[in-house]
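Undergrad: Can you read through this structure? Questions will come right after.
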Amino acid sequence: MNRLYKYSLPAAVGALGIFTLTSPALAQDAAKATMTMDAKYVFNTLLFLIGGFLVMWMAAGFAMLEAGLVRSKNVSMQCTKNISLFAIAGLMFWITGYNLMYEGVDGGFMGSFGPKAIPDPAKDAGDYSASSDWFFQMVFCATTASIVSGTLAERIKIWPFLIFTALLTGFIYPIQGSWEWGTGWLDKMGFSDFAGSTLVHSAGGWAALAGALILGARIGKYGKDGRVHPMPGSSMPLATLGTFILWLGWFGFNGASQLAMGTISDAASVSKIFVNTNMAAAAGVMVAITLTQVLYKKIDITMALNGALAGLVSITAEPLMPSVVQAIFIGGIGGAIVVFVVPLLDKLKIDDVVGAIPVHLVAGIWGTMIVPWSNSDASFGVQAIGVAAIGAFVFFSSSIIWLALKATIGIRPTAEEERLGLDAVEIGIEAYPEFSKGGSPV
Amino acid sequence: MNRLYKYSLPAAVGALGIFTLTSPALAQDAAKATMTMDAKYVFNTLLFLIGGFLVMWMAAGFAMLEAGLVRSKNVSMQCTKNISLFAIAGLMFWITGYNLMYEGVDGGFMGSFGPKAIPDPAKDAGDYSASSDWFFQMVFCATTASIVSGTLAERIKIWPFLIFTALLTGFIYPIQGSWEWGTGWLDKMGFSDFAGSTLVHSAGGWAALAGALILGARIGKYGKDGRVHPMPGSSMPLATLGTFILWLGWFGFNGASQLAMGTISDAASVSKIFVNTNMAAAAGVMVAITLTQVLYKKIDITMALNGALAGLVSITAEPLMPSVVQAIFIGGIGGAIVVFVVPLLDKLKIDDVVGAIPVHLVAGIWGTMIVPWSNSDASFGVQAIGVAAIGAFVFFSSSIIWLALKATIGIRPTAEEERLGLDAVEIGIEAYPEFSKGGSPV
Amino acid sequence: MNRLYKYSLPAAVGALGIFTLTSPALAQDAAKATMTMDAKYVFNTLLFLIGGFLVMWMAAGFAMLEAGLVRSKNVSMQCTKNISLFAIAGLMFWITGYNLMYEGVDGGFMGSFGPKAIPDPAKDAGDYSASSDWFFQMVFCATTASIVSGTLAERIKIWPFLIFTALLTGFIYPIQGSWEWGTGWLDKMGFSDFAGSTLVHSAGGWAALAGALILGARIGKYGKDGRVHPMPGSSMPLATLGTFILWLGWFGFNGASQLAMGTISDAASVSKIFVNTNMAAAAGVMVAITLTQVLYKKIDITMALNGALAGLVSITAEPLMPSVVQAIFIGGIGGAIVVFVVPLLDKLKIDDVVGAIPVHLVAGIWGTMIVPWSNSDASFGVQAIGVAAIGAFVFFSSSIIWLALKATIGIRPTAEEERLGLDAVEIGIEAYPEFSKGGSPV
């Protein structure tokens with residue numbers, strides 16, 4: 031489903047012609063009717079604004095999750111990256127992103143260039159405010175960038191990361207986004223990604239994976255003897271806070287992706303999405319804590335947190351059509367994915383500091399592929415084409431950028447700098463100057 | 031007041047019969063009228079969704095409050111418990127909770143068994159979306175479970191706690207809830223608990239008290255010489271953050287318990303509830319800081335935070351009818367309750383780690399009993415019956431479960447495990463691996 | 031623009047007279063029309079409530095920002111101050127503040143004394159609920175007090191601070207606020223401050239500056255050799271969290287200052303405000319990180335955070351009229367202000383612990399003075415008069431109060447107490463009892 035042309039007047043209502051003020055004789059009826067349309071406009075706009083600020087809040091969730099899951103010597107860096115990437119996403123999605131994604135795509139591979147025009151409120155007509163739509167779409171773009179930040183933590187220099195962020199949010203994300211939500215070729219083909227399991231989460235995951243492969247693992251993470259050296263995060267309560275923020279924000283992420291709230295049916299759909307979204311997250315938690323208890327005899331809190339997130343990512347491709355039982359199943363598999371893919375990545379020596387690849391990439395693929403189970407308009411074949419096409423495009427274009435950055439300004443600090451911690455080297459302000467500065471002994 | 035059948039068309043409007051589409055001739059009027067009803071439906075649904083996500087956010091508040099008030103060796107455990115209990119509450123309130131609480135109670139002692147049916151959006155009729163109502167009621171159920179978590183911190187094994195949570199959220203909470211909000215016998219008798227001073231807060235408090243008595247105090251908390259050994263929490267800023275989150279969430283908790291926003295009167299009621307809720311919390315803070323200054327020559331920050339929460343709990347039974355002066359008084363007494371009951375519990379050697387019993391149980395009783403002061407439909411006698419009946423039921427049924435768990439899988443770690451901290455023993459991941467691991471010397 | 035009498039029916043609609051129920055014959059039309067007006071009322075009220083809870087949440091943002099930017103020995107104190115000041119602001123703005131600011135000002139210098147009457151919901155008529163308006167205006171008042179808290183951290187006793195807060199929120203803020211938002215003399219003159227760059231942020235900044243001058247710098251901050259001794263904050267992730275909370279809350283701060291959402295034009299205006307607010311913050315971040323990189327060869331995270339906030343303050347005087355490019359420019363200059371004014375204050379030996387003076391006072395003046403660039407109704411001359419008049423009044427009246435407090439109960443702890451940290455001396459509970467207590471070596 032595209033995210034552009036959803037709104038249309040119910041034909042029956044439009045046919046009555048009551049919404050056009052044609053003569054003084056109709057003035058009284060029209061006054062009432064206009065308010066009727068006003069209410070719809072305001073409701074739709076309000077949905078974008080509320081959903082938008084909830085998704086904006088997810089930027090803080092990623093910041094806290096990552097601050098909690100990196101070692102204390104890299105926490106200031108991680109915080110700086112997260113607030114900066116949100117700033118960059120806002121600027122780039124205005125300069126090129128929105129129009130590339132939504133302007134004149136029409137079955138094609140991208141829209142047009144140039145900044146998004148923010149209309150004068152007096153002329154901001156339609157079924158919702160164009161500015162509210164821009165704001166809502168922008169925070170989705172920022173989410174994609176947030177995903178990359180966690181995987182590459184503790185060993186990337188800040189400026190190349192920020193340059194990559196600018197290119198991701200200004201070009202890569204909007205181009206692949208145009209294929210579906212901008213009514214591009216994937217949308218015409220029948221691909222279905224309601225709120226972005228693929229367009230946001232997998233896309234971010236592919237960009238992160240490309241970076242992780244090109245950047246390499248943190249020094250000491252994978253021993254020469256094949257042992258994986260654990261590097262525990264500095265603050266579990268901050269990681270928990272981040273997860274709760276993301277869970278909260280996801281009600282906006284999925285719920286407001288209904289894109290309208292001005293009818294009974296739309297409001298009921300938003301409500302059902304809230305329920306399914308919550309159920310998938312809950313199932314993700316339960317599967318993750320049960321599996322880690324069974325496998326390791328202890329509950330792993332980072333798996334519990336990532337289990338919630340993977341449940342959320344899994345339901346994001348189709349949060350509306352599944353029954354509650356389906357939502358629980360979809361989210362629960364997401365939780366299992368985290369438990370099994372995290373150690374698998376370590377076996378492959380892909381160093382994903384916060385687990386973003388299992389959560390966003392793998393669970394995102396799972397969520398997208400399972401859409402046909404509940405939505406008969408979707409087909410496994412087309413879903414696979416979408417997953418593969420977007421994966422290939424994002425992975426390939428991201429790799430080129432990472433390689434270009436590596437070849438020019440360099441993307442990785444020296445080994446000595448990495449040992450010291452990026453806070454000391456690039457930020458100059460420690461996260462916790464009065465507490466231990468140890469970090470794990472490497 | 032029950033929470034089921036609040037909505038009815040104003041008689042005058044209903045009598046006009048304009049909201050039913052009976053003939054083509056009425057199509058134009060009906061189109062306008064339908065939108066009118068749509069707006070009401072959307073407003074009511076939106077109130078549930080906004081209120082719902084604010085109360086969902088309270089789960090994060092409890093997590094942060096408790097993470098801040100336990101020693102660092104038990105912080106990962108407390109975080110794990112809080113995210114898991116929110117997951118369990120969502121699942122259990124769907125599997126049995128909602129229907130037990132709301133389906134066919136009609137003056138009785140419980141509803142029916144079986145999962146809540148989430149309607150298809152196209153058929154989700156009424157004055158609000160059924161899914162939005164489910165979501166809103168579910169987060170209240172989760173709040174009850176959150177209350178238990180804090181009291182029992184630092185000395186309970188996680189799985190028995192989670193099993194108890196499942197039984198609390200799937201059975202105990204909904205059964206007692208059905209008595210009032212499900213139009214059960216207490217509602218018929220005239221009991222009044224607007225947003226849950228008794229049904230949520232005291233209920234959670236009684237379950238916590240039963241657990242605390244059966245579990246016993248933390249090792250070393252109460253010396254043999256009668257001295258109380260202070261065990262200060264690990265992070266005051268996290269406890270403060272948790273309190274602010276709860277304060278914020280409470281606007282949804284009390285405000286959206288108006289259950290409707292589609293009329294001027296309802297919207298004005300929600301607004302007045304916001305004001306009274308804030309005033310009660312403010313008074314709770316001021317009384318707590320003033321009393322601790324006078325009694326101890328210093329302000330006790332944990333009392334300030336719990337004072338805010340006790341003010342909030344106190345006003346929850348009736349946030350609409352009190353004048354501002356009454357709200358200040360009601361909340362202020364809540365703040366005083368905290369200051370006096372916390373040391374009292376210590377005298378009784380009841381080890382309530384975060385102060386949840388004074389805040390939720392005692393202030394919850396206070397708030398319920400003072401309802402008749404501002405609401406002439408309530409009587410002290412019936413309020414007392416409700417408080418006693420729900421207290422007896424929750425305390426008794428919780429005690430049976432705690433005793434059964436104690437007798438079977440056991441609820442308490444060994445003394446050695448408790449000394450080590452539950453993070454090391456049951457979670458395997460320390461909360462702050464790079465900082466001190468000391469904890470208070472016991 | 032004042033914040034009182036914004037609402038009026040579009041003349042055309044009012045002229046139709048359809049909104050008054052005058053005879054039984056009009057009952058059917060009236061039923062529909064009333065709902066129409068109801069929707070407007072509910073939308074406006076909802077805007078106040080949503081905006082209000084977002085701005086309330088900013089109190090948590092200030093608490094976290096300040097908790098992160100002070101040394102660990104003063105964190106409990108800072109948390110206590112922040113929750114207490116929010117409580118006091120609520121009480122004082124009810125007892126005297128609201129009426130002083132909004133009741134019968136009419137071109138004058140203040141309103142009337144006495145508590146704000148909270149109407150019975152059944153009689154809460156108009157275009158929005160009076161209670162929702164009170165709530166929204168109250169949280170602005172609280173914001174002003176939050177600003178003062180940060181500047182004066184680490185060296186002020188709590189009770190004089192709280193007494194000052196009571197006088198600021200009950201008298202100083204409302205009196206100067208009445209000049210503009212209460213339709214006082216500045217409003218009549220044509221002063222323009224949409225959401226409070228001057229009325230909230232500069233006002234808070236002036237009060238903070240007066241306090242900082244009278245209180246003096248922290249011991250050891252400015253060495254006898256002229257060197258500035260850095261005293262790094264205890265937790266960058268908490269400071270980052272606080273900044274994200276403030277950024278989120280600012281959508282309510284600026285967006286809901288449109289004061290109405292019940293028409294297409296108002297909803298579109300709120301949306302445009304969201305966009306501009308975000309853009310200004312984004313620009314503030316980018317300018318701050320770029321400038322600190324260029325000047326110091328490292329990104330300074332505290333500058334990045336304060337850059338976001340300065341961008342937000344800068345756009346607050348006029349978030350509606352600027353184009354996106356203008357918003358970026360306005361916010362970007364805000365970011366530059368932070369980078370240049372922070373060291374300037376140190377040169378002047380004005381010890382502003384969290385940077386509130388550059389962020390709120392200087393960027394607030396900048397934002398106010400640049401209004402005429404995008405809003406042709408404003409003039410530089412009148413803007414300057416407003417900035418000067420409010421600055422003089424707040425600085426002068428604050429100074430008198432600080433001096434009176436200094437002369438009576440004293441405002442500063444002893445040097446020994448300051449070295450120990452205020453948590454030990456006045457709160458009695460350390461923020462992080464299990465971690466290092468060092469603080470910077472002074």
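Keeping their order, the protein sequence lines are chains A, B and C. Per the numbering used here, residue 31 is the first one in the first sequence, and the count goes up by one each step. Per the numbering used here, residue 31 is the first one in the second sequence, and the count goes up by one each step. Per the numbering used here, residue 31 is the first one in the third sequence, and the count goes up by one each step. Just so you know, even glycine gets a beta-carbon here, dropped at the ideal spot from N, CA and C. No experiment lies behind these values; they were computed from the predicted model shown.
Pick helix, strand or coil for Val-495 of chain C, following the three-state DSSP scheme.
TA: Residue 495 of chain C falls outside the range modelled here, since chain C spans only 31 to 472, and no answer is possible.
Undergrad: Taking Cβ positions only, does Phe-304 of chain C come closer than 9 Å to chain B?
TA: So, not an interface residue.
Undergrad: Based on Cα-Cα distance, which residue from C:Ile-329, C:Cys-109, C:Phe-221 and C:Asp-136 lies nearest to Leu-268 of chain C?
TA: Comparing Cα positions, the closest option is C:Cys-109.
Undergrad: Going by DSSP, what residues sit across from Val-324 of chain A in a beta bridge?
TA: In DSSP, Val-324 of chain A forms no bridge with anything.
Undergrad: Measuring only the C-alpha atoms, how far is Met-351 of chain C from Ala-237 of chain C?
TA: About 29 Å.
Undergrad: Would you identify the three-state DSSP class for Val-258 of chain A, choosing helix, strand or coil?
TA: If DSSP states are grouped into helix, strand and coil, Val-258 of chain A belongs with the strands.
Undergrad: As a quick exercise: from B:His-390, B:Met-107, B:Glu-348 and B:Pro-402, pick the residue whose alpha carbon is nearest that of Phe-191 of chain B.
TA: Ranking the options by Cα distance to Phe-191 of chain B, first place goes to B:Met-107.
Undergrad: Using 10 angstroms around the beta-carbon of Ala-61 of chain C, count the other beta-carbons present and answer buried if the total reaches 16, otherwise exposed.
TA: The pLDDT assigned to Ala-61 of chain C is 44, lower than 50, so where the model puts this residue is not dependable; a value taken from the coordinates is nonetheless given after this. By the 10 Å Cβ count, Ala-61 of chain C comes out buried.
Undergrad: Which two residues bound the contiguous alpha helix (DSSP H) that contains Thr-173 of chain B?
TA: Element bounds for Thr-173 of chain B: 160–181.
Undergrad: Hey, could you find the ends of the alpha helix (DSSP H) Asp-376 of chain C is sitting in?
TA: Here the alpha helix (DSSP H) through Asp-376 of chain C covers 354–377.
Undergrad: Tell me the rounded alpha-carbon separation between Ala-240 of chain C and Lys-146 of chain A.
TA: C-alpha separation (whole angstroms): 44 Å.
Undergrad: Using only CA atoms, which one of A:Leu-115, A:Ala-311 and A:Phe-73 lies nearest to Leu-475 of chain C?
TA: No answer is possible for residue 475 of chain C: the residues shown for chain C start at 31 and end at 472.
Undergrad: In the DSSP assignment, what residue or residues form a beta bridge with Tyr-203 of chain C?
TA: According to DSSP, which records beta bridges pairwise, Tyr-203 of chain C is partnered with nothing at all.
Undergrad: DSSP puts Tyr-252 of chain C in a beta bridge; with which residues?
TA: Per DSSP, C:Val-258.
Undergrad: State yes or no: is the C-beta of Trp-280 of chain C nearer than 8 Å to some heavy atom of the ligand NAP?
TA: As presented, the structure is devoid of all ligands, the ligand NAP included, so that no description of it is given.
Undergrad: Under a CB-based cut-off of 9 Å, is Leu-143 of chain B close to chain C?
TA: First, the amino acid is wrong: residue 143 of chain B is Phe here, not Leu. So, not an interface residue.
Undergrad: Quick check on DSSP: helix, strand or coil for Ala-240 of chain A?
TA: Helix.
Undergrad: Quick check: what's the CA-CA separation for Leu-271 of chain B versus Gly-134 of chain A?
TA: Going from the Cα of Leu-271 of chain B to the Cα of Gly-134 of chain A covers about 46 Å.
Undergrad: For Val-72 of chain C and Glu-447 of chain A, I'd like the C-alpha separation in whole angstroms.
TA: So the alpha carbons of these two residues sit roughly 57 Å apart.
Undergrad: For the putative contact between Thr-199 of chain C and Phe-83 of chain C, defined by C-beta atoms under 8 Å, what is the C-beta separation to the nearest angstrom?
TA: Going by Cβ atoms, the distance from Thr-199 of chain C to Phe-83 of chain C rounds to 19 Å, so no, they are not a contact pair.
Undergrad: Below 8 Å on the Cβ atoms is my contact criterion, and I expect Thr-346 of chain C with Asn-405 of chain C to pass it. Report the Cβ-Cβ distance as a whole number of Å.
TA: So it is not a contact: roughly 13 Å between Cβ atoms.
Undergrad: Name the two residues that bound the continuous alpha helix (DSSP H) containing Phe-558 of chain B.
TA: This structure cannot settle anything about residue 558 of chain B, because the visible part of chain B is limited to 31 through 472.
Undergrad: Under 8 Å between beta-carbons, which chain B residues line up against Gly-292 of chain A? List them in chain order, please.
TA: What Gly-292 of chain A touches in chain B: Asp-68 and Val-72.
Undergrad: With H, G and I counted as helix, E and B as strand and the rest as coil, what does DSSP make of Phe-410 of chain C?
TA: Helix.
Undergrad: What are the boundary residues of the alpha helix (DSSP H) that Asp-217 of chain B is part of?
TA: Note, Asp-217 of chain B: alpha helix (DSSP H), 215–219.
Undergrad: Determine which residues of the stretch 326–350 of chain B have a Cβ less than 8 Å from any Cβ of chain C, and write them out in chain order.
TA: The residues in question are Tyr-326, Lys-328, Ile-329, Asp-330, Ile-331, Thr-332, Ala-334, Leu-335, Ala-338 and Leu-350.
Undergrad: Going by other Cβ atoms of all chains shown within 10 Å of its Cβ, with 16 needed for buried, is Ala-298 of chain C buried or exposed?
TA: The residue in question, Ala-298 of chain C, is buried, as its Cβ has 16 or more Cβ neighbours within 10 Å.
Undergrad: Give me the subset of the stretch 149–176 of chain C whose CB atoms are less than 7 Å from a CB atom of chain B, sorted by chain position.
TA: Listed by position, the residues of the stretch 149–176 of chain C near chain B (Cβ gap below 7 Å) are Pro-151, Ala-152, Asp-154, Ser-159, Ser-161, Ser-162, Trp-164 and Phe-165.
Undergrad: If you check the beta carbons only, do Thr-195 of chain C and Glu-210 of chain C fall under 9 Å apart?
TA: No, the pair does not count as a contact, with Cβ atoms beyond the cut-off.
Undergrad: Any Cβ of chain A within less than 9 Å of the Cβ of Tyr-462 of chain B?
TA: It does: the Cβ of Tyr-462 of chain B has a partner Cβ on chain A nearer than 9 Å.
Undergrad: What residues in the stretch 90–102 of chain C bring their beta carbon closer than 8 Å to a beta carbon of chain A?
TA: Listed in sequence order: Arg-101 and Ser-102.
Undergrad: Against chain C, with Cβ distances strictly below 9 Å, would Thr-444 of chain A count as a contact?
TA: Not an interface residue.
Undergrad: Quick check: the Cα distance between Gly-220 of chain B and Pro-402 of chain B, rounded to an integer number of angstroms?
TA: Taking the straight line joining both Cα atoms gives about 11 Å.
Undergrad: Between Ile-193 of chain A and chain C, is the shortest Cβ-Cβ distance under 9 Å, so that the two count as touching?
TA: Chain C, which has no Cβ nearer than 9 Å to the Cβ of Ile-193 of chain A, makes this no.
Undergrad: Measuring straight from C-alpha to C-alpha, what distance separates Phe-143 of chain C and Gly-120 of chain C?
TA: If you take the alpha carbons of Phe-143 of chain C and Gly-120 of chain C, they lie about 16 Å apart.
Undergrad: Between Leu-56 of chain A and the rest of its own chain, which residues show a CB-CB distance below 7 Å, the 5 nearest in sequence each way excluded?
TA: Reliability of the predicted coordinates at Leu-56 of chain A is poor, the pLDDT of 41 falling under 50, and no value is obtained from them.
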